[in-house]
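Each remark here refers to the structure printed beneath this line.
Numbering (UniProt numbering), first residue to last: 1 to 111.
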């Protein structure tokens, strides 16, 4: 029997960090995806192929989305989580800054 490849491909380090909220949203929405976790030793070869030389990257129908918050916002709409109470842009920026700072510290310790 022929099996179609998942529509989405998530590319990230072999860690939770910035990609875990993306994985959780996709699991919540029952979206099939390839969870491509490359070996850290391969990062120097992979980095130039990623938008802005960064991960996570979510590929869908040939389009590459980057920046974890933007990917999460897109997926939240796809899985119908956009009816949640809205928060101000200022609150979103503060949350984004805190999350990025926290993950950056953890990631730098693990690399």
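For glycine and all other residues, C-beta sits at the position ideal for the given N, C-alpha and C.
Computed from a predicted model, the values in this text were never measured in an experiment.
Going by other Cβ atoms of all chains shown within 10 Å of its Cβ, with 16 needed for buried, is residue i buried or exposed?
| i | result |
| --- | --- |
| residue 28 | exposed |
| residue 101 | exposed |
Report yes if the CB atom of residue i is closer than 9 angstroms to the CB atom of residue j, and no otherwise.
| i | j | result |
| --- | --- | --- |
| residue 19 | residue 8 | no |
| residue 72 | residue 25 | yes |
Quick one: residues in its chain with C-beta nearer than 8 angstroms to the C-beta of residue i, no 5 flanking neighbours on either side, listed in chain order?
| i | result |
| --- | --- |
| residue 82 | 76 |
| residue 36 | 9, 10, 11 and 12 |
Can you tell me where the alpha helix (DSSP H) holding residue i begins and where it ends?
| i | result |
| --- | --- |
| residue 32 | No alpha helix (DSSP H) holds residue 32; DSSP gives it neither H nor E. |
| residue 45 | 43–46 |
Between residue i and residue j, what straight-line distance do the alpha-carbon atoms span, to the nearest angstrom?
| i | j | result |
| --- | --- | --- |
| residue 53 | residue 22 | 19 angstroms |
| residue 91 | residue 60 | 29 angstroms |
| residue 17 | residue 66 | 15 angstroms |
| residue 64 | residue 50 | 9 angstroms |
| residue 79 | residue 41 | 34 angstroms |
| residue 39 | residue 88 | 38 angstroms |
| residue 99 | residue 15 | 15 angstroms |
| residue 44 | residue 62 | 23 angstroms |
| residue 58 | residue 93 | 21 angstroms |
Excluding the 5 residues flanking residue i on each side, which residues of the same chain have their C-beta closer than 7 angstroms to its C-beta?
| i | result |
| --- | --- |
| residue 69 | 96 |
| residue 56 | 10, 11, 12, 18, 19, 22, 68 and 71 |
| residue 47 | 53 |
| residue 74 | 65 |
Tell me where the beta strand (DSSP E) around residue i begins and ends.
| i | result |
| --- | --- |
| residue 61 | Premise fails: residue 61 is in no beta strand (DSSP E) and is neither H nor E. |
| residue 75 | From DSSP, residue 75 is part of no beta strand (DSSP E) but of the alpha helix (DSSP H) over 68–78. |
| residue 9 | 8–12 |
Which residues in the same chain have their Cβ closer than 6 angstroms to the Cβ of residue i, if we skip the five residues on either side of it in sequence?
| i | result |
| --- | --- |
| residue 34 | 6 and 9 |
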